[in-house]
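2 protein chains.
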Amino acid sequence: MNFSSITIKDIATALNLSVSTVSKALRDSYEISENTKKIVNEYALEHNYRPNPIAQSLKQGHSKSIGIVVSTIENQFFSQVINGIESVAYEAGFNVIITQTHESSDLEVKNVAHLTHHSIDGLLISLSTETKDVEYLQKLHRQGLPIVFFDRISDEIETHKVISDNFKGSYDATRHLLDGGYKRIAHITNPPNISITKERFAGYQKALEESGMPIDEEIIIHCPHGGRDTGEVENAINQLLSLNDKPDAIFTTSDRITTTTLFLLNKLKIKIPQEIALIGYTNTTLADVLNPSLSSVYQPGFEMGQKATQKLLELILAKRPVHEFETIVLPTQLVTRDSTAPKNR
Amino acid sequence: MNFSSITIKDIATALNLSVSTVSKALRDSYEISENTKKIVNEYALEHNYRPNPIAQSLKQGHSKSIGIVVSTIENQFFSQVINGIESVAYEAGFNVIITQTHESSDLEVKNVAHLTHHSIDGLLISLSTETKDVEYLQKLHRQGLPIVFFDRISDEIETHKVISDNFKGSYDATRHLLDGGYKRIAHITNPPNISITKERFAGYQKALEESGMPIDEEIIIHCPHGGRDTGEVENAINQLLSLNDKPDAIFTTSDRITTTTLFLLNKLKIKIPQEIALIGYTNTTLADVLNPSLSSVYQPGFEMGQKATQKLLELILAKRPVHEFETIVLPTQLVTRDSTAPKNR
DNA sequence: TTGAAAGCGTTACCAG
DNA sequence: CTGGTAACGCTTTCAA
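Chains as they are written, first to last, in the numbering used here: chain Y, -1 to 343; chain E, -1 to 343.
Structure follows, in structure tokens:
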């Protein structure tokens, strides 16, 4: 803060006290007389004294700030998670620094480097779709950086993790389509290297198997960047539509993929759900007013952010190294709307 | 960074040099021999040395970080602005700290206090809908804190400002409705104290006047928190629908108001645009797939963030006090879709 | 070309 | 109860 601001020293000279006395008075130390405390605090208040947090950080070796890594805050799921994170971080007097990977592994590494060099006390991270190697995080973790994963996690690092029930979310969505009479359900999803892809695929698979349906690789398509670029989704849909045996429903697994699929099907004048039904993971608040209203799997983003931050704070504030880690699984919510209305049989 | 990390001192002792020599070598000072520089840099590289930015900040009196205040990042307009901000801030080696007011004046004051106490070098702010008094910012500004306003600005503080052409955006939208044959155009908007409300109202007014239409206070409704709470918009719509002379079109001026209006009209089974047409400010990427597709005024959020940051950086990096300030006005984009299809006359 | 020392604002230890 | 001093990690001035 170069723009003025008074320091302990200023108070000390003004009041003819020592710096250390003032410091202690301010921190309400038992060593200081009530009278001195009163004088100091009054002066501080009057002159709007604020301790310089930079100096405090340097002295105390921690910064009271936590770093966040998400793919992009434009995705409502992540902005909801961030709101959850902030709600508990601020409560605990912690500051947050948000960074975005835009689904690039490179950027992810750079962001984490940036954050750690800026002396964060802990890291909250959801991996990018591109990320395959978490060795760089492993290293930081070994060095003692508290890390909590959320949403897109890694098995390779033993720490707290907070996810939603991806298996059940997908199972429910697929089940719902099957119950509506849909028989050939395509799956457009994230790349197979990230955790949520596998978990969500498993739910899809289970539901199909239970109904005696085949798993057809031909209608399971991965978007390398989770739909970041419209072209990825466009390719997926073209591929599906060029099949002889076209799907009668699509189950998508990321906000971007879901809304882009809706956009493209509309553009191609394909009737939803008459020609192809659509259900997908999304946290958009607009699902009700989409055309058609969109059946979706909703994840408790806000709660996920809260929980993750609570666990991170536990790690940061722990007196001794923590070796017991927890993976918290939050329930998802299936909301059925017009895009998956039951088929006329 | 309590989790290890080596310091200049470590390098110095390891290499049997003084701390100051190492510091200078690292900063490529002309005072140091090439040989020493080489040895030091190699050692630093090998041991992955990073200067502690906290210590640097304390020493140099600035933190290389800028604070951002927006109403909420869940609003796509603001997340786009933030992306713009980040793109130029990171380029310049600056860090950003994002805070949200959730349209509360109190929170705004708290956030700014929090940011300034955390030694930001400059502030980028869009005021909350509740804010009437900017004296607290005025004070900081006088103390020398570089501030740049964007979107929702204040006349009371003389500094750089970046806005979109709110007058023209609204004029165009209203004009478009009039051209489509709509005759009674309601206006649901933000509270009158914030800048964008006035500017947008002026455009609406001008278009109506040009067509010889009356300005009817009865169909101009302010949402105290810009539609943060659904109830605000619900009241507005109920009020409009209870009129004898109901509007045949609505022009809304915030993302939240716009999408909530769409939601509520759909819920009431009011046909858009047959019974009531709808056009509004929004930056949602989903405008095309809404039901019906939504005519909108789009603001260049990303560019706004970039410009604002460039101006802020100019202020921060300026050698001498700046007294010439600029207000940059960015063009908006009118995109017409089904929600304002021309009336059958 | 190198190094010692002061200082940024704070806290903590130890003396008085 | 109060104050001097060292220390956090770095940069900078001044001497050597």
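Just so it is clear, CB atoms sit at the ideal spot from N, CA and C, and this is done for glycine as well.
Rounded Cβ spacing between residue i and residue j (contact assumed at less than 8 Å)
i       : j       : result
I118(Y) : I64(Y)  : 6 Å
T346(E) : S162(E) : The question about residue 346(E) has no answer here: the residues shown for chain E are numbered -1 through 343.
F249(E) : L175(E) : 7 Å
S294(Y) : V327(Y) : Incorrect: roughly 19 Å between the Cβ atoms, too far for contact.
R182(E) : T251(E) : With a Cβ gap of about 18 Å, R182(E) and T251(E) do not count as contacting.
I217(Y) : L239(Y) : Actually they do not touch by this definition, with Cβ atoms about 11 Å apart.
A275(E) : R335(E) : Contact flag wrong, Cβ pair sits at about 11 Å.
L363(E) : I219(E) : With chain E running from -1 to 343 in the structure shown, residue 363(E) is simply not present.
N289(Y) : L288(E) : 6 Å
F323(E) : H158(E) : 5 Å
K309(E) : V160(E) : 7 Å
I314(Y) : I96(E)  : About 21 Å separates the two Cβ atoms, so there is no contact after all.
Exposure label - residue i; buried when at least 16 CB within 10 Å
i       : result
E106(E) : buried
T19(E)  : buried
H185(E) : buried
D153(E) : exposed
T228(E) : exposed
R140(Y) : exposed
S337(E) : buried
R254(E) : buried
R318(E) : exposed
A247(Y) : buried
E230(E) : buried
G178(E) : buried
Q58(Y)  : exposed
V187(Y) : Sequence check: residue 187(Y) is Thr here, not Val. The residue in question, T187(Y), is buried, as its Cβ has 16 or more Cβ neighbours within 10 Å.
Close Cβ partners of residue i (< 6 Å) along its chain, the five nearest in sequence each way excluded
i       : result
N191(Y) : K130
A90(E)  : L311
T257(Y) : none
P298(E) : L328
R150(E) : S124, L125, I192, S193 and I194
I4(Y)   : H45 and Y47
P189(Y) : T127, H220 and P222
T34(Y)  : A23
H60(E)  : D119
Inter-residue Cα distance where the pair is residue i and residue j
i       : j       : result
A306(Y) : I80(Y)  : 10 Å
G167(Y) : G278(Y) : 10 Å
V38(E)  : E29(E)  : 14 Å
S69(E)  : L135(E) : 16 Å
S31(Y)  : A23(Y)  : 8 Å
T283(E) : L292(E) : 11 Å
E72(Y)  : Q98(E)  : 15 Å
R25(Y)  : V17(Y)  : 12 Å
N264(Y) : H116(E) : 48 Å
T325(E) : A339(Y) : 51 Å
K108(Y) : H45(E)  : 18 Å
G225(E) : I6(E)   : 53 Å
I145(E) : A53(E)  : 25 Å
A42(Y)  : K137(Y) : 44 Å
T114(E) : H321(E) : 22 Å
R173(E) : Q272(E) : 18 Å
L260(Y) : N233(Y) : 14 Å
G142(E) : L121(E) : 11 Å
F147(Y) : E101(Y) : 16 Å
I268(E) : I66(Y)  : 43 Å
D8(E)   : N14(E)  : 10 Å
Identity of the residues DSSP links to residue i by a beta bridge
i       : result
S162(Y) : L328(Y)
A355(Y) : With chain Y represented from -1 up to 343, any question about residue 355(Y) goes unanswered, as that position is not in the structure.
I268(E) : DSSP, once it has assigned bridges, lists no residue as partnering I268(E).
H220(Y) : T187(Y)
N93(Y)  : S63(Y)
Y296(E) : Q331(E)
Neighbourhood of residue i by C-beta, 8 Å cutoff - its chain only, sequence neighbours within 5 removed
i       : result
K62(E)  : P51, S55, G91, F92, N93 and D119
V132(Y) : L125, S152, E154 and I155
Q203(Y) : I213
Q304(E) : G82, I83, S85 and V86
Beta-carbon contacts of residue i that lie in its chain and below 7 Å, excluding the five residues immediately before and after
i       : result
K244(E) : L238
S103(E) : S126, E128 and T129
Y296(Y) : N281, T330, Q331 and V333
Y169(E) : G201, K204 and A205
Distance cut-off 7 Å: residue i Cβ against heavy atoms of the ligand PLP
i       : result
Q141(E) : You won't find the ligand PLP in this model; it holds no ligand whatsoever.
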